[in-house]
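Report on one structure; see the data block that follows.
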DNA sequence: CAGATTTTATTTGTCTGACATTTAAAAGTC
DNA sequence: GACTTTTAAATGTCAGACAAATAAAATCTG
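Protein chains in written order, with the working numbering: chain A, 584 to 826; chain B, 584 to 826.
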């Protein structure tokens, strides 16, 4: 099951891959205990530090968890949404910040995804979701609000919209896109005059969701996308020639 | 910049987090060299194995790469799509296989996402994308095709559709969903009589994309979703009572 | 005998020190 | 000046040890 070729390159990576394969293929099931580090080092004919490096690689991906003590060891972890979320956010943030992805591309993907949720959300949103959206809209209209707080509220609003679809996979995928775009979004809100326009669109979305009118939600989101991308472009322009 | 609280729990995890924060925040930029392992162990007041475990955690997330030799060391890695892809696929597969997500939920998310791509793809698809889709449809209609090959072709078809949107973020997110659903999709194709119906829908989609008719693509995808979910339900039913 | 306490064994977490291997730069040679 | 050799620095790996946590077994006590 877990053999290892004798090419002497990156032993810990090879071992990690072997165990990872065993988990993904189902040979190791959730909550199953892996052999102890000593046993693994015997099995793979390597030292314990090498085994430990392999296990830490897997732990970094939330594939295993470890426990100390007599009945301790490494156990196959049941991957949960929270872990998947944070990984997704880290990855998305880096993809964007390292310029592997342009803001425009990310923005397009984000709104395409959000619009995909709109129809489902119009169908399934609960009063709770609506209440959250109304609360956030009210918060956004407060005069003394900092840009950062406005942005946080903006994210919460869209989050409620997406969560209204009742599909955790969609929520999870959107979380990555939104969180990654957060820094630039923050910069956008500095152009303060934009707030009332955004609030108006948010209100339109909330009203349409309350009326379960998917088409209007979609149209409002399309407007918001156009607006956001225009603002981002303006900000980018200003940053290019700050003088 | 990189300090470490003295609570003696999971030192390597703490160090990994400190370095990860530095990368995400931009304090460490792409291709920048980290201090050597010895220097890091001095900095954090821990041993070299502990530092190494921390670095391996980061390497598992493709945040750093290491190089041996005199001018070697650990460097901040420019995250690319391939790495992000494989991580996304691993995560999605596990979320589904460990029952954190139902097939129905994944399927809904997958088609919502794919339908979100439809409009963009109708607008931007190149002749190349169309050719790929036609080729795959032809392959699917070959009588001797194994279920596995049919499924692979099916994935390639949808991949071409999504790639037609020209947005790598969308391609990347959909890849996870599709790959994760692959095993069950394979099982679905065992109900052989379904092939011609699927091929008919594929043809309809390809025709509509050629005509740049987003609405028809959307409708065909909606049909395909309904069909897929029905088949999945049947398969699940059969597995419950195999006798 | 039942329950609480202590002991013990197992396992991960960490440290020290060493050697092997790779690699680029410095030193030496023609 | 171009080529070769040496050297130093860095990661990769190993061995052995101790610390700390923890559950099970053994012991003690009423």
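Even glycine gets a Cβ: it sits at the ideal position worked out from N, Cα and C.
Exposed unless 16 or more other CB atoms sit within 10 angstroms - verdict on residue i
{"i": "residue 636 of chain B", "result": "buried"}
{"i": "residue 816 of chain A", "result": "exposed"}
{"i": "residue 612 of chain A", "result": "exposed"}
{"i": "residue 710 of chain A", "result": "exposed"}
{"i": "residue 687 of chain B", "result": "exposed"}
{"i": "residue 773 of chain A", "result": "exposed"}
{"i": "residue 608 of chain B", "result": "exposed"}
{"i": "residue 592 of chain A", "result": "exposed"}
{"i": "residue 680 of chain B", "result": "buried"}
{"i": "residue 809 of chain A", "result": "exposed"}
{"i": "residue 624 of chain A", "result": "buried"}
{"i": "residue 682 of chain B", "result": "exposed"}
{"i": "residue 721 of chain A", "result": "exposed"}
{"i": "residue 729 of chain A", "result": "exposed"}
{"i": "residue 693 of chain B", "result": "buried"}
{"i": "residue 704 of chain A", "result": "buried"}
{"i": "residue 726 of chain B", "result": "exposed"}
{"i": "residue 821 of chain A", "result": "exposed"}
Below-9 Å beta-carbon distance, residue i vs any chain B residue
{"i": "residue 606 of chain A", "result": "yes"}
{"i": "residue 664 of chain A", "result": "yes"}
{"i": "residue 700 of chain A", "result": "yes"}
{"i": "residue 673 of chain A", "result": "yes"}
{"i": "residue 750 of chain A", "result": "yes"}
{"i": "residue 786 of chain A", "result": "no"}
{"i": "residue 603 of chain A", "result": "yes"}
{"i": "residue 797 of chain A", "result": "no"}
Under 8 Å from the C-beta of residue i: neighbouring residues of chain B
{"i": "residue 640 of chain A", "result": "639, 640, 642 and 643"}
{"i": "residue 613 of chain A", "result": "681"}
is_contact[residue i, chain A] using C-beta, thresh 9 Å
{"i": "residue 792 of chain B", "result": "no"}
{"i": "residue 747 of chain B", "result": "no"}
{"i": "residue 703 of chain B", "result": "yes"}
{"i": "residue 680 of chain B", "result": "yes"}
{"i": "residue 648 of chain B", "result": "no"}
{"i": "residue 688 of chain B", "result": "yes"}
{"i": "residue 760 of chain B", "result": "yes"}
{"i": "residue 780 of chain B", "result": "no"}
{"i": "residue 743 of chain B", "result": "no"}
Collapsed DSSP secondary structure at residue i in the structure displayed
{"i": "residue 656 of chain A", "result": "strand"}
{"i": "residue 649 of chain A", "result": "strand"}
{"i": "residue 628 of chain A", "result": "coil"}
{"i": "residue 708 of chain A", "result": "coil"}
{"i": "residue 795 of chain A", "result": "coil"}
{"i": "residue 698 of chain A", "result": "helix"}
{"i": "residue 661 of chain B", "result": "coil"}
{"i": "residue 776 of chain A", "result": "coil"}
The ligand MN heavy atom lying under 8 Å from the CB of residue i
{"i": "residue 654 of chain B", "result": "The ligand MN is not part of this structure, which contains no ligands at all."}
Under 7 Å by beta carbon: chain B residues contacting residue i
{"i": "residue 696 of chain A", "result": "696 and 699"}
Proximal residues of chain A, C-beta to C-beta of residue i below 9 Å
{"i": "residue 609 of chain B", "result": "680"}
{"i": "residue 599 of chain B", "result": "639 and 643"}
Expected contact under 8 Å - CB spacing of residue i and residue j to nearest Å
{"i": "residue 651 of chain B", "j": "residue 639 of chain A", "result": "With 8 Å as the limit, residue 651 of chain B and residue 639 of chain A do not qualify as a contact, their Cβ atoms being about 19 Å apart."}
{"i": "residue 802 of chain B", "j": "residue 699 of chain A", "result": "That pair is no contact at about 15 Å."}
{"i": "residue 678 of chain B", "j": "residue 662 of chain A", "result": "6 Å"}
{"i": "residue 781 of chain A", "j": "residue 818 of chain A", "result": "15 Å between Cβ atoms; not a contact."}
{"i": "residue 738 of chain A", "j": "residue 756 of chain A", "result": "Wrong, their Cβ atoms sit about 15 Å apart, outside the cutoff."}
Residue i: contacting residues in chain A (beta-carbon distance under 8 Å)
{"i": "residue 677 of chain B", "result": "606, 607, 646 and 662"}
{"i": "residue 632 of chain B", "result": "632 and 635"}
{"i": "residue 684 of chain B", "result": "751 and 752"}
{"i": "residue 670 of chain B", "result": "644, 670 and 674"}
Proximal residues of chain B, C-beta to C-beta of residue i below 9 Å
{"i": "residue 812 of chain A", "result": "By Cβ distance, chain B contributes nothing, its closest Cβ being about 13 Å from residue 812 of chain A, past 9 Å."}
{"i": "residue 756 of chain A", "result": "692, 696, 756, 759 and 760"}
{"i": "residue 667 of chain A", "result": "674, 675, 677, 678 and 683"}
Within chain A, the residues that residue i reaches when beta carbons sit closer than 7 Å
{"i": "residue 595 of chain B", "result": "639"}
{"i": "residue 691 of chain B", "result": "750"}
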